[in-house]
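Working notes for the structure below.
Residue numbers (the working numbering): 1209 to 1302.
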């Protein structure tokens, strides 16, 4: 899986080298989504923009210290992949 780690490292290095452009792209994308949703989700969009900018600012972690991925059949990975329960009841069957 070192190929994926190398790709992530290269992407992070490019983002760090072009931070201003990345920040502008994050702002532009968030503003477009905000416009398309009529401002209904402004708070959530702002939080997502901030989180994306923090992720770009975060220093890259060495590949050796990254936690190994959970095996596909593990109980923990299965719990993560289960859909969240909906607050709305299902519509009646016709």
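All residues carry an ideal CB built from backbone N, CA and C; glycine is no exception. These numbers come from a predicted model, not from an experiment.
Can you tell me the Cα-Cα spacing of residue i and residue j, whole angstroms?
| i | j | result |
| --- | --- | --- |
| residue 1234 | residue 1255 | 12 Å |
| residue 1218 | residue 1267 | 13 Å |
| residue 1210 | residue 1216 | 10 Å |
| residue 1213 | residue 1259 | 21 Å |
| residue 1225 | residue 1236 | 19 Å |
| residue 1244 | residue 1221 | 32 Å |
| residue 1229 | residue 1262 | 14 Å |
| residue 1232 | residue 1251 | 18 Å |
Sorted by chain position, which residues of the same chain lie with C-beta nearer than 7 Å to residue i's C-beta, five sequence neighbours on each side aside?
| i | result |
| --- | --- |
| residue 1227 | 1264 |
| residue 1253 | 1238, 1241, 1242 |
Leaving aside the five residues before and after residue i along the sequence, list all residues of the same chain whose C-beta is less than 8 Å from its C-beta, in chain order.
| i | result |
| --- | --- |
| residue 1249 | 1241, 1242 |
| residue 1223 | 1230, 1264 |
With a 10 Å radius around its C-beta and 16 neighbouring C-beta atoms as the bar for buried, classify residue i as buried or exposed.
| i | result |
| --- | --- |
| residue 1238 | buried |
By Cβ distance below 6 Å, which residues in the same chain neighbour residue i in space, the five residues on each side in sequence not counted?
| i | result |
| --- | --- |
| residue 1257 | 1234, 1238 |
| residue 1272 | Reliability fails at residue 1272, whose pLDDT of 45 lies under 50, so the model's placement of it is uncertain and the value that follows must be treated cautiously. For residue 1272, where only same-chain residues beyond five positions count, there are no Cβ hits under 6 Å. |
In this structure, how does DSSP classify residue i when only helix, strand and coil are distinguished?
| i | result |
| --- | --- |
| residue 1248 | coil |
| residue 1266 | coil |
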